[in-house]
Structure formats: structure tokens, C-alpha cells
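What follows is a set of notes on a single structure, which appears directly below.
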Amino acid sequence: NRQDELKDEL
Amino acid sequence: MNIFRLAGDVSHLVAIIILLLKIWRSKSCAGISGKSQVLFALVFSTRYLDLFTVFVSVYNVVMKVVFLALSYATVYLIYMRFRNSYDSENDTFRVEFLLVPVIGLSFLENYAFTPLEILWTFSIFLEAVAIMPQLFMITKTGEAESITTHYLFFLGLYRALYIANWVWRYHMEGFFDQIAVVSGVVQTIFYCDFFYLYVTRVLRGKGKMSLP
Chain A
16 NRQDELKDEL
Chain B
247 MNIFRLAGDV SHLVAIIILL LKIWRSKSCA GISGKSQVLF ALVFSTRYLD LFTVFVSVYN
307 VVMKVVFLAL SYATVYLIYM RFRNSYDSEN DTFRVEFLLV PVIGLSFLEN YAFTPLEILW
367 TFSIFLEAVA IMPQLFMITK TGEAESITTH YLFFLGLYRA LYIANWVWRY HMEGFFDQIA
427 VVSGVVQTIF YCDFFYLYVT RVLRGKGKMS LP
């Protein structure tokens with residue numbers, strides 16, 4: 016899920 | 247990175263710079279909602295904590311630092327440097343009506359119950375409503391200077407471009423961030439009414455945008 020994915024958006 | 251997101255980030259940066267320059271050059275923050283600017287500084291402060299935990303890219307770091315610096319500089323100009331021109335009688339939106347639901351929702355709806363994730367989710371939901379005090383102030387004063395409307399136009403453009411970015415990433419990478427997308431769509435909808443007024447009044451050369 017999104018938690019472990021890299022948050023690359025500002 | 248795709249052209250929509252890059253254009254969105256640039257549009258966001260342009261909006262912030264337009265406002266900051268307007269206040270600095272006119273030496274006045276009349277017609278500007280200080281509350282919205284404080285909320286935006288809070289959005290960046292709670293979202294960009296990952297500056298200390300992960301390295302995404304030079305671009306990511308530079309833009310986060312620039313957004314933080316410019317948003318705090320704007321708050322400083324409004325509440326310190328030019329505070330005597332701050333229009334507190336018209337900047338009366340009750341921000342607790344925004345903060346309480348946003349805090350509650352970020353504890354309910356998040357990707358993980360960890361401090362960084364909840365703060366990130368809080369910043370996403372808060373950004374969706376942070377412009378409300380400014381839009382409320384415009385409806386209260388019944389008008390907005392054209393530069394303020396340009397600021398709002400570029401903010402709205404940044405959000406619209408981010409939606410295009412998410413459509414692109416969904417089809418190209420299968421990327422879908424539900425919290426960011428749902429909140430981002432709600433945020434963009436708040437600008438639609440303003441976009442209509444901006445096109446029909448400001449772009450028609452009326453200079454000021456005066457509401458009916």
C-alpha cells in the first residue's frame with residue numbers, strides 16, 4: 016500500500 | 247515525474263511567489279487572509295517532515311525547502327512586518343471548523359497509524375480546505391484585487407494539473423494514491439466557482455474581481 020511506497024509528490 | 251506534475255509544481259511555486267511579491271512590493275497585505283497562509287505553512291510543515299527521513303531527489307528536497315521558506319516568509323510579512331495592514335476584521339473564518347474535522351479524519355482514514363503517516367494525511371486533508379478563509383474573505387469584502395485573483399488562479403491550476411498527473415500516473419504506472427486523489431479532487435472543486443468568476447470578470451479586463 017501507499018505507506019511503504021515512496022511519497023515522491025510534493 | 248511527468249509534465250503535468252512538473253507544470254503543477256511550477257504553477258504552485260508561481261502562485262506563492264506572486265503573493266509574496268505582491269505583499270512585499272505593495273508593503274501591504276490588505277485583502278489577504280493571513281489564516282489561509284498560516285494553514286498553508288502548517289500543511290508544508292506537517293507534510294515535509296520526511297525531509298529528515300527519506301531522500302527522494304534533489305528536486306524534491308529543493309522544492310520542499312523553497313515552499314517551506316516562502317510560506318513562512320509570507321506569514322511573517324502578514325503578521326509581523328506589515329501587520330498594521332492586516333485586515334483582521336474581514337479575516338474571520340473559524341479555522342477550528344477546519345482543523346477539528348481534518349484532525350479527526352486523519353486519525354480515521356490513513357495508510358498507517360504512525361506519526362509520520364498521520365501527519366502526512368493531516369497535511370493532505372488540510373491542504374484541501376486551507377484556501378477557505380481566503381475565499382470567505384473575498385466573499386465578505388465582495389472583491390479581490392487582480393493580483394490576488396492571479397494567485398488563486400495559479401493555485402487552482404496547480405491542483406488541476408495534479409489531477410492530470412494522477413490520471414497520467416494511473417495509466418502509465420498503475421499509481422493510485424486514494425487519500426491524495428480524493429482530497430485533491432475536493433480541493434480542486436473549491437476553485438471551480440472562483441475559476442468562473444476569474445474568467446468572466448478578471449480576464450475581461452475589469453481589473454478587480456467584484457462579486458455580484
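Quick note, the sequences are listed as chains A and B, same order.
Numbering of the first sequence is given in my numbering, commencing with residue 16 and proceeding in unit increments.
Numbering of the second sequence is given in my numbering, commencing with residue 247 and proceeding in unit increments.
Glycine residues also receive a C-beta, built at the ideal position from the N, C-alpha and C atoms.
- With respect to the 7 angstroms criterion, Leu285 of chain B and Ala376 of chain B are classified as neighbours on the basis of their beta carbons.
- DSSP places Thr385 of chain B in the uninterrupted alpha helix (DSSP H) bounded by Met378 to Thr387.
- For Met309 of chain B, the C-beta contacts it makes with chain A under 7 angstroms involve Leu25, in order along the chain.
- Look at Ala358 of chain B here: in three-state DSSP terms it is coil, with no helix or strand label.
- Asp337 of chain B counts as buried, since no fewer than 16 other beta carbons sit within 10 angstroms of its beta carbon.
- For Arg415 of chain B, the enclosing alpha helix (DSSP H) has its first and last residue at Ser392 to Glu419.
- Straight-line measurement puts the Cα of Leu381 of chain B at about 18 angstroms from the Cα of Thr320 of chain B.
- In the three-state scheme derived from DSSP, where H, G and I count as helix and E and B as strand, Met309 of chain B is classed as helix.
- Per DSSP, the continuous alpha helix (DSSP H) segment holding Tyr437 of chain B begins and ends at Gln424 to Leu443.
- With respect to the 7 angstroms criterion, Leu407 of chain B and Phe250 of chain B are classified as neighbours on the basis of their beta carbons.
- Straight-line spacing of the CA atoms in Leu345 of chain B and Phe313 of chain B works out to 21 angstroms.
- One thing to note: Gln433 of chain B has its Cβ no nearer than 7 angstroms to the Cβ of Arg415 of chain B.
- Using a Cβ-Cβ cut-off of 7 angstroms, Val260 of chain B does not count as an interface residue toward chain A, since no Cβ of chain A sits closer than that to its own.
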